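Peer 1:
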Amino acid sequence: MIKVVENYLSEIIGLSLGVLIVILVWSLYGSYIRRTCCCCVKSNDSNA
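Numbering (the UniProt record's numbering), first residue to last: 1 to 48.
Shown next, in the form of structure tokens:
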């Protein structure tokens, strides 16, 4: 029973860590990623 709880807790901690990392990366690089994506979309439109 304790083993099941430990596995559950480790999964929750892993998930929350992953979410935190994604949020951190997005807050740091979100604007940069959006800008480059917009540039890519614009260049693709002009080529077509």
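By construction, the Cβ of each residue, glycine as well, lies at the ideal position given by its N, Cα and C atoms. Since the structure is predicted, the reported quantities are computational estimates derived from the model, not experimental observations.
To the nearest angstrom, how far is the alpha carbon of threonine 36 from that of isoleucine 21?
Peer 2: Within the sequence shown, numbered from 1, the residue matching residue 36 stands at position 36. Within the sequence shown, numbered from 1, the residue matching residue 21 stands at position 21. Those two C-alpha atoms are separated by around 21 Å.
Peer 1: Is there at least one Cβ from chain B nearer than 7 Å to serine 10's Cβ?
Peer 2: Annotation note: the requested chain B is absent from the structure, which comprises a single protein chain.
Peer 1: If you draw a straight line from the alpha carbon of serine 10 to that of tyrosine 32, how long is it in whole angstroms?
Peer 2: Translated into positions along the sequence shown, residue 10 becomes position 10. Translated into positions along the sequence shown, residue 32 becomes position 32. Computed Cα separation, rounded: 33 Å.
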